[in-house]
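A.B. asks: Structure in structure tokens, see below.
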């Protein structure tokens, strides 16, 4: 969701269409946060979607762990069909009974205890730590189900802690499920609380969940560094085609002509090289004194050898970084990729002259 390897270019018409599709009311929170700059509001909503996506995995893991622990405890107390037993129903609030009936209606006629557990919403399980269930179920089963609760707390303190963490998890899950803005929340702390809640049941599962969670990286990226195009990237051309470095020069010229590309891009031993039609023409002019050049016998390597490797810069960097890299080379062009590391797919080529004239 909301991720692409290619850069999306926002036009005025495109922004207007997005605003119409999402509705001004939905965008109001994002617009207010960014000073009513429409493009920034779209960036912020996109980041909010990425945050929601990153939270789904830890939220789903938490829900599965909690419902299984509670289901096992209820089964231990009232047996496999606990939801139908009079002892359970005596403690169940009307809303709890309603949730069970709604879940059963979804799985009929093939209902079973396991299918019922899967069909019950997250909101059902916090109720199992309230009212008569506390004494009836947890007085003798809490430490068995949640062996890693703080031993400094007494029974009431442990129940209160689980209630608090479950309430936070339930609220956050609803915000994510209902596609609400969550970017202003303290998501780092709420994520830590999810890990803590799962760890009370199983430390290994909590460690696994934390290891595979992507929330921290999405938070670090932020809305601007993930989706916003810097001035150099906006200025750069995406009009290039990649080709083998050892193709015949005649084929290279045909490729330029057939694609209409401004540049050829080739990799040589891990280093990137770029050529324009004008540069090929200048190379041919230097060989004119040697007589006629057979383009089918000349490898593109020979032309590329006369060029210097251009600097490679991340698309997220500022103008000052581009200028600094250009000052270290005689090359007029900069290759732009995702992280500024060799070997990554080129995204654009920046002509320093175009940058200087902005």
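Numbering (my numbering), first residue to last: 1078 to 1435.
Cβ atoms here follow ideal geometry from the backbone N, Cα and C, with glycine treated the same way.
(1) Can you list, in chain order, the residues of its chain with a C-beta nearer than 7 angstroms to that of residue 1265? Leave out the 5 residues immediately preceding and following it.
(2) Using CA atoms only, rank isn't needed, just tell me which of 1323, 1347, 1126 is closest to residue 1107.
(3) Do you know how far the Cα of residue 1195 is from the Cα of residue 1094?
(4) Thinking C-alpha only, which one of 1145, 1168, 1167 is nearest residue 1157?
(5) State whether the segment 1196 to 1213 contacts the segment 1155 to 1169, with contact taken as three or more CB pairs (one from each stretch) at a distance under 8 angstroms.
(6) How should residue 1390 be labelled, buried or exposed, when 16 other C-beta atoms within 10 angstroms of its C-beta is the threshold for buried?
(7) In three-state DSSP terms, what is residue 1201?
(8) Three-state secondary structure (DSSP) at residue 1263?
(9) Can you list, in chain order, the residues of its chain whose CB lies under 7 angstroms from that of residue 1199, leaving out five sequence neighbours each side?
(10) Three or more C-beta pairs under 8 angstroms: does that hold for the segment 1312 to 1322 against the segment 1266 to 1282?
(11) I'd like to know whether the C-beta atoms of residue 1132 and residue 1253 end up nearer to each other than 9 angstroms.
(12) Within the continuous beta strand (DSSP E) that includes residue 1509, where are the two ends?
(13) Please name the residue, chosen from 1173, 1362, 1376, that lies closest to residue 1205 on a Cα-to-Cα basis.
(14) Between the Cα of residue 1223 and the Cα atoms of 1323, 1387, 1244, 1273, which residue gives the shortest distance?
(15) In chain order, which continuous runs of the alpha helix (DSSP H) of length 4 or greater are located wholly inside the segment 1132 to 1203?
(16) Please decide whether residue 1296 counts as near chain C, where near means a Cβ-Cβ distance under 9 angstroms.
(17) So what's residue 1210 in DSSP terms, helix, strand or just coil?
(18) DSSP on residue 1425, reduced to helix/strand/coil?
(19) How big is the Cα-Cα spacing for residue 1119 and residue 1291?
(20) Once the 5 residues before and after residue 1429 are set aside, which same chain residues still bring their CB inside 6 angstroms of it?
C.D. replies: The answer reads as follows:
(1) 1296
(2) 1126
(3) 39 angstroms
(4) 1145
(5) yes
(6) buried
(7) helix
(8) coil
(9) 1140, 1247, 1250
(10) no
(11) yes
(12) Shown here, the chain extends from 1078 to 1435; a query on residue 1509 therefore has no answer.
(13) 1173
(14) 1273
(15) 1163 to 1168, 1171 to 1184, 1190 to 1196
(16) The structure shown contains no chain C; it is built from a single protein chain.
(17) helix
(18) strand
(19) 22 angstroms
(20) 1403, 1409
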